[in-house]
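In this note's numbering, the protein residues as written are 260 to 467. Ideal Cβ positions, reconstructed from N, Cα and C, are used throughout, including at glycine. Since we're looking at a predicted model, the values are computed, not measured. Following: one structure in structure tokens, then a few remarks.
Following this line, the structure appears as structure tokens:
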């Protein structure tokens with residue numbers, strides 16, 4: 260069998276490969292379902308299957324109405340349809356770094372920041388750090404704990420300030436570690452320094 264995405268342009272094929280490898284990026288799913296909502300349900304099922312979001316039996320009931328799971332090829336076709344609808348480019352960047360709202364900390368950069376943080380439907384906590392920063396390393400386990408504690412309620416991310424000067428300048432960061440909490444695309448709280456978990460948690464709870 261020839262997998263359809265192998266016949267696509269290199270650019271489009273790259274997006275399909277990324278999409279098939281995702282574990283459920285919120286931004287990627289939104290693009291796919293915006294495109295596929297009014298299409299045949301089998302295409303929606305194929306895209307969902309390809310992105311790995313339909314994991315529990317109840318969610319899968321309608322996906323298997325045809326008596327079988329969607330194939331990789333069908334998923335590729337459905338994903339390609341969404342890409343074509345967007346003119347060959349997703350309006351949000353696809354990243355293979357699952358996490359953020361699933362109990363783990365995700366990495367964001369200048370390119371993905373708006374889609375992953377400002378457009379998040381959940382409150383978002385971003386840890387601005389650098390590898391050489393001792394206090395940043397000290398607070399990292401606290402940020403990871405918060406990601407686990409608030410999985411599904413808060414998106415937790417980190418950004419390397421040395422590699423992402425655009426976002427750093429945008430928010431006028433002068434010291435690290437800095438924790439910024441966003442809600443509805445706006446900064447609602449900013450904390451600087453290696454503060455205790457209770458300090459960050461107290462601020463976070465105000466926006467959940």
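- Taking all protein chains in view, the Cβ of residue 402 is crowded by 16 or more other Cβ atoms within 10 Å, so the residue is classified as buried.
- If you draw a straight line from the Cα of residue 420 to the Cα of residue 389, it is about 6 Å long.
- When the beta-carbon positions are compared, residue 381 and residue 438 stay at least 8 Å from each other.
- For secondary structure counted as the beta strand (DSSP E) over 3 or more consecutive residues, the segment 383-423 holds these complete runs in sequence order: 383-388 and 414-419.
- Boundaries of the beta strand (DSSP E) around residue 438: 437-442.
- When C-alpha distances from residue 430 are compared across 415, 446 and 417, the shortest belongs to 446.
- Counting along the chain, the unbroken beta strand (DSSP E) around residue 448 starts and ends at 445-451.
- With fewer than 16 other CB atoms across the displayed protein chains lying within 10 angstroms of its CB, residue 422 is exposed.
- Closest in C-alpha terms to residue 363, from the list 407, 376, 418 and 391, comes 407.
- Taking C-alpha positions only, residue 405 is separated from residue 396 by approximately 15 Å.
- Residue 373 has no beta-bridge partner at all, per DSSP.
- As the crow flies, the alpha-carbon of residue 463 is around 21 Å from that of residue 427.
- If you check the CB distance, residue 366 and residue 416 come in under 8 Å.
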